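Here is the structure we will look at.
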Amino acid sequence: MLIDSHCHLNYKGLVEDQLNILERARQRGIGLMLNIATRESEWDAVLDTAVREPDVWATVGIHPHEADDHPHIDTAKLIQWATHPRVVGIGETGLDYYYDHSDRQRQQRSFRAHIAAARDTGLPVIVHTRDAEQDTLAIMREEMEKGAYSGVIHCFTASGAFADAALDLGLYISLSGIVTFKSARDLQETAARLPLDRLLVETDSPFLAPVPHRGKSCEPAYVADTAAFLADLRGETLEDLAAATTANFHALFAKAA
Ligand SMILES: [Zn+2]
Ligand SMILES: [Zn+2]
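According to this note's numbering, numbering within the sequence shown proceeds without interruption in unit steps and concludes at 257.
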């Protein structure tokens with residue numbers, strides 16, 4: 001069994017064909033999927049899917065791209081929604097200085113509000129970071145000083161040094177289909193040496209379909225291709241990698257039981 005630790009089942013590209021997409025994932029042995037929220041207007045739909053499907057869990061959060069549009073989402077609001085029995089994580093949140101779709105200060109404020117909600121609820125925070133390693137790390141460290149929280153760096157593409165720093169903070173690292181891309185040499189080097197007990201796998205579908213599905217819309221079933229590639233890269237059996245990433249998911253997202 002494998003777990004897709006990060007997918008967007010309510011995004012265009014997946015939502016229209018959601019039932020078939022879930023069925024194809026089950027047929028490939030995907031035992032659980034974590035349906036990730038990115039803006040307030042989709043929270044109800046993301047939760048509805050998790051209520052309807054026993055193998056789908058949900059998060060609540062505001063993507064860094066959406067920070068400008070959600071100045072009213074604070075820690076209290078996140079905590080309130082996190083009490084829902086199907087919500088097992090806070091996010092995705094973080095910093096994206098590559099696209100800069102939202103003001104950087106607002107992204108930072110929103111990121112800190114999510115971490116505070118994670119700390120308060122004991123649920124892990126799902127961190128998105130792109131071209132923002134320094135600030136992401138500085139905020140994660142400062143917030144850790146204020147009080148412990150758990151979390152995962154999702155769709156990891158940052159440097160090896162950033163991976164080491166995140167691991168030092170006790171965080172997990174989730175790899176997406178990007179690791180299968182021919183151009184991802186540096187990422188593959190880091191992925192090969194990450195500790196097995198901190199590793200998760202994800203699709204981030206409908207984006208980033210792994211080899212051999214590139215160019216197609218991504219879906220949770222494809223996490224099996226990423227896992228197979230990763231096992232080969234690391235010199236492990238797929239069974240061992242699947243067992244470890246599943247155990248890691250349950251250790252981190254303990255509410256998904
Ligand atoms: Zn993301
Ligand atoms: Zn995402």
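Backbone N, C-alpha and C fix where the C-beta goes; we use that ideal spot for every residue, glycine too.
The structure presented is a predicted model; accordingly, all values stated were derived computationally and were not measured.
Cβ neighbours of residue i in the same chain (closer than 7 Å, five flanking residues each side left out)
| i | result |
| --- | --- |
| D197 | A244 and N248 |
| L22 | E53 |
| I115 | V125, E143 and Y149 |
| Q188 | V179 and L233 |
| G147 | R119 |
| R1 | In the sequence on display, residue 1 carries Met and not Arg. Same-chain partners within the cutoff: G29, G31, A242 and T246. |
Candidates the options, of which the one nearest residue i by Cα
| i | options | result |
| --- | --- | --- |
| H128 | Y172, E145 and Q188 | Y172 |
| R141 | G170, T157 and W43 | G170 |
| N35 | N10, R214, A25 and I178 | N10 |
| P212 | D204, V201, L200 and A228 | A228 |
| V15 | C218, T246 and F253 | C218 |
| D186 | E133, T157, H72 and L47 | T157 |
| V51 | A138, H84, E42 and G31 | H84 |
| A132 | V87, S159 and W57 | S159 |
| D74 | E42, T49 and Q108 | Q108 |
| Q27 | R112, E42, I3 and V152 | I3 |
| L238 | V201, K255, E145 and G215 | V201 |
| G13 | K216, L123, S110 and D240 | K216 |
| W272 | E92, N20 and A25 | Absent from the structure is residue 272, since the part of the chain shown begins at 1 and ends at 257. |
| L25 | S5, S110 and E40 | It should be pointed out that residue 25 corresponds to Ala in this sequence rather than to Leu. The shortest C-alpha separation from A25 is found at S5. |
Through-space distance from residue j to residue i, alpha-carbon basis
| i | j | result |
| --- | --- | --- |
| T121 | A82 | 7 Å |
| T59 | A45 | 11 Å |
| L230 | D135 | 29 Å |
| K77 | Q105 | 20 Å |
| C63 | H70 | In the sequence under discussion, the amino acid at residue 63 is His, which differs from the Cys named in the question. When rounded, the distance between both Cα atoms is 10 Å. |
| G94 | A251 | 22 Å |
| D96 | A67 | 10 Å |
| Q80 | K182 | 43 Å |
| A257 | T246 | 12 Å |
| T38 | I90 | 10 Å |
| A184 | Q18 | 30 Å |
| Y98 | R130 | 6 Å |
| A192 | F162 | 15 Å |
| A138 | A165 | 10 Å |
Sequence-distant residues of its chain with Cβ nearer than 6 Å to residue i (five each side left out)
| i | result |
| --- | --- |
| P210 | G177, T180, Y222, D225 and T226 |
| H101 | H65 |
| C7 | M33, T203, S205 and P220 |
| E55 | According to the sequence displayed, residue 55 carries Asp and not Glu. Result list for D55: L32, in chain order. |
| V87 | A58 and V60 |
| G151 | P124, V125, V127 and L171 |
One or two residues paired with residue i in a DSSP bridge
| i | result |
| --- | --- |
| M33 | D4 and V56 |
| L199 | I173 |
| H128 | G94 |
| S205 | C7 |
| R89 | One detail in the question is off: residue 89 reads as Gly in this sequence, not Arg. According to DSSP, G89 bridges with T59. |
| G122 | DSSP lists no partner for G122. |
| G151 | V125 |
Cβ neighbours of residue i in the same chain (closer than 8 Å, five flanking residues each side left out)
| i | result |
| --- | --- |
| P195 | L167 |
| T49 | L9, N10, Q18, N35, V56 and A58 |
| L208 | C155, S176, G177, I178 and C218 |
Exercise. Where the beta carbon is closer than 6 Å to any heavy atom of ligand 2, which residues qualify, in chain order?
Worked result: H6, H8, I36, E92 and D204
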